[in-house]
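The structure under discussion appears below in the form of structure tokens.
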Amino acid sequence: MSSLILYLAGINLVTFAMFAWDKYSAIKGQWRIPEKTLLALALAGGSPGAIIAQQRLRHKARKQPFRFQLILIAGLQAVLLARQ
């Protein structure tokens, strides 16, 4: 397995886990993970994990401008990937 595939698998697992932890924290009224951290994880390659977490966990799915920013990041990554 290439290191890029391992990296992408890892960053997406971490991103999903961070969304899950933030959802749990929101329910419990505890300290939350900053949105900029969640978006940075998406930007680092974790956008698929972030989008799956949004849909599966129903977390930050309606929150704007967060949702738009996440879609923008995923779109930019898709365009960059298509140009390779």
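Just so you know, the sequence shown maps onto residues 154 to 237 in this note's numbering.
From the three backbone atoms N, C-alpha and C, an ideal C-beta is built for every residue, glycine too.
Please read these numbers as outputs of a predicted model, since none were measured by experiment.
Could you say which of the options lies nearest to residue i if we only look at CA atoms?
i: T168; options: L157, Q207, V232, S156; result: Q207
i: A193; options: W184, A235, F219; result: F219
i: L157; options: A227, I226, G199, L210; result: G199
i: Q217; options: L161, A195, V232, E188; result: E188
i: I224; options: I204, R211, Q237; result: I204
i: G202; options: L234, A227, Q237; result: A227
i: A162; options: L229, A195, A214; result: A195
Cutting at 6 Å between CB atoms, please list the residues of its own chain near residue i, excluding the five before and the five after it.
i: A197; result: I164
Measure from the C-beta of residue i to each C-beta in chain B and report whether the shortest distance is under 8 Å.
i: T168; result: Absent from the structure is chain B; it holds one protein chain and no more.
Does the Cβ of residue i have 16 or more other Cβ atoms within 10 Å, making it buried, or fewer, making it exposed?
i: K181; result: exposed
i: S178; result: exposed
i: A231; result: exposed
For residue i, collect the residues of the same chain with a Cβ closer than 8 Å to its Cβ; drop the 5 residues on either side in sequence, then sort them by chain order.
i: R185; result: D175, S178, A179
Skipping 5 residues on each side, what residues in its chain have a beta carbon closer than 7 Å to that of residue i?
i: A173; result: A206, L210
i: H212; result: F172, D175, K176, A206
Original post:
In the region 156 to 233, which residue ranges form an unbroken alpha helix (DSSP H) of at least 4 residues, counting only runs that do not cross its ends?
Top reply: 156 to 181, 188 to 194, 200 to 210
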